[in-house]
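K.L.:
Residues 1 to 260 in the UniProt record's numbering are what the sequence shown spells out, letter by letter.
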Amino acid sequence: MEIKRNVVLVKYTTFHIGGKAKYFFVAKNKDEIIKAIEWAKDKNLPFFILGGGSNLLVSDKGYRGLVIKFGEPLSLYVLKGLDWAVGIPGTIQGAVYGNAGAFGKSMKDAVKSVEVFDIKTNKIKIFKNKDCKFSYRDSIFKRNKNLIIISVKIKTSPKANAFRRAGEYLNYKKNTQPLNFASAGSVFKNPPGASAGELIERCGLKGKKIGNVKISEKHANFIVNLGGGKARDVKKLIKIIKTRVKKKFKIDLTEEIQFL
1 MEIKRNVVLV KYTTFHIGGK AKYFFVAKNK DEIIKAIEWA KDKNLPFFIL GGGSNLLVSD
61 KGYRGLVIKF GEPLSLYVLK GLDWAVGIPG TIQGAVYGNA GAFGKSMKDA VKSVEVFDIK
121 TNKIKIFKNK DCKFSYRDSI FKRNKNLIII SVKIKTSPKA NAFRRAGEYL NYKKNTQPLN
181 FASAGSVFKN PPGASAGELI ERCGLKGKKI GNVKISEKHA NFIVNLGGGK ARDVKKLIKI
241 IKTRVKKKFK IDLTEEIQFL
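1) So which of I148, K20, K250 and A166 has the shortest CA-CA distance to V78?
2) Among the candidates F103, K43, A160 and R232, whose CA atom is the shortest distance from the CA of L260?
3) With distance defined between alpha-carbon atoms, name the residue in I49, L66, Q258 and N55 nearest to D42.
4) Considering just the uninterrupted stretch of the beta strand (DSSP E) at E115, what are its terminal residues?
5) Could you give the DSSP three-state label for Q177: helix, strand or coil?
6) Check whether the Cβ atoms of A36 and L82 sit closer than 8 angstroms, and answer yes or no.
7) Roughly how many whole angstroms lie between the Cα atoms of E217 and V234?
8) Shortest alpha-carbon distance to F134 belongs to which of K214, V96, I119 and K153?
9) Starting from A21 and walking both ways along the beta strand (DSSP E), at which residues does that stretch end?
10) From what residue to what residue does the alpha helix (DSSP H) around G197 run?
11) If you follow the alpha helix (DSSP H) that Y97 is part of, which residue opens it and which one closes it?
12) Tell me, please, which residues DSSP counts as bridged to residue 262.
13) Kindly confirm or deny that the region 148-168 and the region 117-133 touch, where touching means at least three C-beta pairs closer than 8 angstroms.
14) Assuming K41 is part of the alpha helix (DSSP H), what are its boundary residues?
15) Kindly indicate which three-state DSSP category D138 falls into: helix, strand or coil?
16) Just to confirm, are I33 and F70 a CB contact at a threshold of 8 angstroms?
17) Leaving out five residues before and five after G185 in sequence, what residues of the same chain have Cβ atoms less than 6 angstroms from its Cβ?
18) Measuring straight from C-alpha to C-alpha, what distance separates F48 and Q258?
19) By Cβ distance, which residues of its chain are closer than 6 angstroms to K108, with the 5 residues on each side in sequence left out?
20) Drop a sphere of 10 angstroms on the beta-carbon of L74, count the other beta-carbons inside from all chains shown, and report buried for 16 or more, exposed for fewer.
21) State the DSSP-derived secondary structure class of E168, mapped to helix, strand or coil.
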């Protein structure tokens with residue numbers, strides 16, 4: 001098992017921000033990811049499963065444990081029923097973990113079953129859709145860190161117009177999201193009955209910049225990296241956004257992105 005040391009995580013995240021992982025391993029299959037987890041447990045090291053690296057902000061100080069890169073690209077499933085997921089730069093495992101969604105649809109609607117490794121019992125389990133306890137941008141896997149997603153079966157529904165629909169969705173994203181900049185995707189969850197991006201925009205924060213990161217002028221729920229951005233500056237922007245939205249609208253925004 002080839003475990004690398006002091007690997008810079010910048011190129012492994014869509015934000016292109018972050019320090020070094022003390023240990024880093026690319027798992028190609030179920031056996032390898034289980035072996036990597038056992039390796040970390042034997043050494044009393046924390047570990048983190050890294051998928052496509054979206055929806056993630058890695059600390060400038062890096063991660064003092066084992067980062068395991070693993071997962072199937074979500075793009076492989078776009079024409080098998082997940083046309084709405086076109087352009088999401090993640091893995092199918094990560095999409096299930098965070099119940100990713102777009103255009104009024106989410107993984108909750110698509111998942112048939114999930115193969116899971118329980119690190120507490122060292123056993124493989126199969127979760128049916130209802131067992132996943134999906135909710136808005138959430139699942140049992142996000143709440144129970146002992147459950148590691150190995151593989152996913154979706155309710156395939158090949159449609160004659162899937163390619164056309166995926167193209168329409170992608171064009172919409174290009175017109176409304178800053179896809180030409182490095183970002184982690186949507187920073188905040190939409191609060192009930194409101195749009196996080198609209199609330200941030202109404203606070204006059206579009207274009208607000210700290211260091212080499214700024215709130216996108218194209219979509220206010222995106223923070224973009226202009227090149228060489230730092231996690232500490234992203235966190236400062238997040239704090240400013242939450243404070244201003246709370247003051248103006250009495251709404252507490254909740255982060256959608258993960259912090260490592």
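The C-beta atom is built at its ideal place from N, Cα and C for all residues, glycine as well. Note that the structure is predicted; figures quoted are calculated from it, not measured.
P.N.:
On the basis of the coordinates in this document:
1) That would be A166, whose Cα lies nearest to the Cα of V78.
2) Measuring from the Cα of L260, the nearest candidate turns out to be R232.
3) Looking at the Cα atoms, L66 is the closest of the given residues.
4) It spans V111 to D118 - the beta strand (DSSP E) in which E115 sits, taken as one unbroken run.
5) Coil, per DSSP.
6) By the CB criterion at 8 angstroms, A36 and L82 fall outside the cutoff.
7) In a straight line, the C-alpha of E217 is about 16 angstroms away from that of V234.
8) Per the Cα distances, V96.
9) Element bounds for A21: K20 to V26.
10) In this chain, the alpha helix (DSSP H) harbouring G197 covers A196 to R202.
11) Membership of Y97 in the alpha helix (DSSP H) is indicated by the continuous run I92 to Y97.
12) Here the chain has residues from 1 to 260 only, and residue 262 is not among them.
13) Cβ pair count under 8 angstroms is three or more, so yes.
14) Segment K30 to D42, the alpha helix (DSSP H) holding K41.
15) Of the three classes helix, strand and coil, the one that applies to D138 here is strand, per DSSP.
16) Inclusion of I33 and F70 in the CB contact set at 8 angstroms is warranted, their separation being smaller than that value.
17) Correct list, in chain order: S54 and N55.
18) So the alpha carbons of these two residues sit roughly 11 angstroms apart.
19) Excluding residues within five positions, the ones whose Cβ falls inside 6 angstroms are N99 and F134.
20) By the 16-neighbour rule on beta-carbons within 10 angstroms, L74 is buried.
21) Here E168 sits in helix by DSSP.
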